Amino acid sequence: MLDLEQRLDGRDCRDALDHATRYASPPLGPPLVPILVPILVPILYRNTRPAPPDLDHSQCTAMHRNAHTLRPGADLSRSKIMYYDHNDMESLEAVLKKVATDDKRMGRNSLKQRRFIVTEALFRNTGELVDLKKLVELKKQYGYRLILDESFSFGAIGATGRGLTEYAGVPVTEVDIMVVSMAYSLGSIGGLSLGNVEVADHQRLSGAGYCFSASAPPFVSTAASMSLACLSQEGTTLMKRLQDNVTTVLAGVETTCKGNLAIVSHSSSPIIHLALAGGAAADFPERTMQMNILEATVEGCKALDLLITTSKTVKGEKAKGGKGPAAATLRIAVRASMDKAMLTKAIKTIDTCLTHAIKFYKGKQ
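Shown next as structure tokens:
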């Protein structure tokens, strides 16, 4: 565990902690809930008494509306949660302006409040990247701290795999707290929280994951440490190979899927989301029917030994901009270890299964 934390300290991090969790997460397993809970709870708790219904803004968290993996930690923190539209910086700024207006009206000193902006870096459910430079600008302008979940971006984007901070050219010191699940790129179990020395020391003394559970098992931390060492030594090569594979998939979708699928994720994201487009979207405009077609496509691919899935949403989840429900999409996870032939075959399989699904549902209309 100490070796893992020391390795992280050497990756432009000021200090780092390794958390054990109760989830044994495979690469596409349970989300980051156990990691964020011990981080948000001790930092945002004002006292041990139940929070009153009219909790003021002294501990306020602005969180994007579709943050499934982050909500439980925020809820348990007893902070006042204010949601903004998914990956919408204008919506976020509107929330921050409202709090600032309330501060002025009530005579509060905004610099003496505990306030946080919480978001994913790479959104699992859409494959989009958050505008980190704008986030940093807003958090400085309005006096907030930034908690960034890099679980899906760490080891997946950036020239050497250091995540969104490297990809966006933002110094890691601009992010107050960074959390990373070890279940994805590091292929282990547990989670990491990274920040300055004060944040790390606070976690060691107050974090539920440190105070009320055993440390991570040695083999878990060792596995993550070795993965991190591999990323440090071969990160540039691995990231180039991964981005080449992402490019192969994106090009294959455009040339093979005959306009029935549109790429809606970021062009650098190894989590690729594909939505119905063209004639398929016109024939089936309702989201429910689109999801039925995509689920049938997933089942067809599974029968042909190709594992993909669909986007998973919660009730009321909105698309970017808050207009309409979140899009129904296929979700594909690309790895650096895949080769071009494998990816080309996968795209052809998706196209075949999608064509059969569309034909089937057209026959039922």
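Under the numbering used here, residue 380 is the last one in the sequence shown; the count climbs by one each step, no gaps. We put the beta carbon where it would ideally sit given N, CA and C, even for glycine. Source: prediction; values computed, not measured.
C-beta atoms of residue 371 and residue 294 nearer than 8 Å = Along the sequence shown, read from residue 1 onward, the residue named residue 371 stands at position 356. Along the sequence shown, read from residue 1 onward, the residue named residue 294 stands at position 279. No; because the gap between Cβ atoms is not below 8 Å, this pair is not in contact.
For residue 138, is the classification buried or exposed, using 16 other Cβ atoms within 10 angstroms of its Cβ as the cut-off for buried?
-> Start at 1 with the first residue of the sequence shown, and residue 138 comes out as number 123. That one is buried.
Among 353, 135, 107, the one whose alpha carbon lies nearest that of residue 260 = Looking up residue 260 in the sequence shown gives position 245. Per the Cα distances, 353.
Look at residue 206 and residue 195 and say whether their C-beta atoms are less than 8 Å apart.
-> The residue you call residue 206 lines up with position 191 of the sequence shown. The residue you call residue 195 lines up with position 180 of the sequence shown. Yes, Cβ-Cβ distance for residue 206 and residue 195 is below 8 Å.
Under 8 Å, do residue 179 and residue 147 count as touching if we go by C-beta distance?
-> As a first step, residue 179 is located in the sequence shown; it is residue number 164 there, counting from the start. As a first step, residue 147 is located in the sequence shown; it is residue number 132 there, counting from the start. Yes. Within cutoff.
Starting from residue 278, follow the beta strand (DSSP E) in both directions and report where the run begins and ends.
-> Along the sequence shown, one-based indexing puts residue 278 at 263. Per DSSP, residue 278 belongs to the beta strand (DSSP E) from 276 to 278.
Can you give the beta carbon distance from residue 151 to residue 144, rounded, assuming they're within the 8 Å contact cut?
-> The residue labelled residue 151 in the question sits at position 136 within the sequence shown. The residue labelled residue 144 in the question sits at position 129 within the sequence shown. Actually they do not touch by this definition, with Cβ atoms about 14 Å apart.
Residue nearest to residue 307 in terms of C-alpha spacing, selected from 320, 321, 327, 319 = What you label residue 307 is simply residue 292 of the sequence shown in a count that begins at 1. Nearest C-alpha to residue 307: 327.
DSSP three-state assignment for residue 193, whether helix, strand or coil | Along the sequence shown, read from residue 1 onward, the residue named residue 193 stands at position 178. Three-state result, residue 193: strand.
Could you check what DSSP says for residue 153 in three-state terms: helix, strand or coil?
-> Stepping through the sequence shown from its first residue, residue 153 is reached at position 138. Here residue 153 sits in helix by DSSP.
Other residues of its chain near residue 364: CB distance less than 6 Å, five sequence neighbours each side excluded = Against the sequence shown, residue 364 aligns to sequence position 349. Correct list, in chain order: 316, 319, 321.
In three-state terms, what does DSSP make of residue 5?
-> Residue 5 lies beyond the range of the chain shown here (16 to 380); nothing can be said about it.
Just mark residue 213 as buried or exposed, buried being the case when its beta carbon has 16 or more other beta carbons within 10 Å.
-> For the purposes of this step, residue 213 is taken as the residue at position 198 of the sequence shown. Exposed: under 16 other Cβ atoms inside 10 Å.
4 or more residues per run - each alpha helix (DSSP H) lying fully within the segment 118 to 187 | 147 to 157, 179 to 183
Could you tell me whether the Cβ atoms of residue 220 and residue 164 are closer together than 8 Å?
-> The residue you call residue 220 lines up with position 205 of the sequence shown. The residue you call residue 164 lines up with position 149 of the sequence shown. No, they are not a contact pair.
Do you know offhand how far residue 233's Cα is from residue 302's?
-> Taking the sequence shown and counting its residues from 1, one reaches residue 233 at position 218. Taking the sequence shown and counting its residues from 1, one reaches residue 302 at position 287. So the alpha carbons of these two residues sit roughly 46 Å apart.
Residue 285 by DSSP, collapsed to three states: which one?
-> Sequence index remark: in the sequence shown, residue 285 carries index 270 (1-based). Reduced to three states, the DSSP call for residue 285 is coil.
With 16 as the cutoff for other CB atoms within 10 Å, does residue 88 come out buried or exposed?
-> Indexing the sequence shown from 1 puts residue 88 at position 73. The residue in question, residue 88, is buried, as its Cβ has 16 or more Cβ neighbours within 10 Å.
My guess is that residue 77 and residue 99 are in contact by the Cβ rule of under 8 Å, so how many angstroms apart are they, rounded?
-> In the sequence shown, residue 77 corresponds to position 62, counting from 1. In the sequence shown, residue 99 corresponds to position 84, counting from 1. Contact holds; Cβ gap of about 6 Å.
Whose C-alpha, out of 218, 313, 203, is nearest the C-alpha of residue 231?
-> Numbered from its first residue, the sequence shown carries residue 231 at position 216. Checked all of 218, 313, 203; the closest Cα to residue 231 is 203.
Find out if the Cβ-Cβ distance for the pair residue 305, residue 277 is shorter than 8 Å.
-> Residue numbering aside, residue 305 sits at position 290 when the sequence shown is read from its first letter. Residue numbering aside, residue 277 sits at position 262 when the sequence shown is read from its first letter. Their beta carbons are not under 8 Å apart, which means residue 305 does not touch residue 277 by this criterion.
If you drop the 5 nearest sequence neighbours on each side, which residues of the same chain put their C-beta closer than 6 Å to that of residue 182?
-> Here residue 182 corresponds to residue number 167 of the sequence shown, with the count starting at 1. Same-chain partners within the cutoff: 172, 173.
Between the beta-carbon of residue 345 and the beta-carbon of residue 309, is there less than 8 Å?
-> Mapped onto the sequence shown, residue 345 falls at position 330. Mapped onto the sequence shown, residue 309 falls at position 294. For residue 345 and residue 309, yes; Cβs fall inside 8 Å.
Run of the beta strand (DSSP E) containing residue 210, from where it starts to where it stops | Position 195 of the sequence shown, counting from 1, holds the residue named residue 210. 206 to 210 is the span of the beta strand (DSSP E), which, as asked, contains residue 210.
Contact check, residue 201 vs residue 244, beta carbons under 8 Å | For the purposes of this step, residue 201 is identified with residue 186 of the sequence shown, where counting begins at 1. For the purposes of this step, residue 244 is identified with residue 229 of the sequence shown, where counting begins at 1. No, the pair does not count as a contact, with Cβ atoms beyond the cut-off.
Would you tell me roughly how many angstroms separate the C-alpha atoms of residue 279 and residue 177, rounded to the nearest one?
-> Looking up residue 279 in the sequence shown gives position 264. Looking up residue 177 in the sequence shown gives position 162. Their backbone Cα atoms lie some 24 Å apart in a straight line.
Which residues does DSSP pair with residue 325 in a beta bridge?
-> Looking up residue 325 in the sequence shown gives position 310. DSSP lists 345 as partners of residue 325.
DSSP bridge partner residues for residue 291 (one or two, in chain order) = Translated into the one-based positions of the sequence shown, residue 291 becomes position 276. In the DSSP output, where bridge partners are listed per residue, residue 291 has 276.
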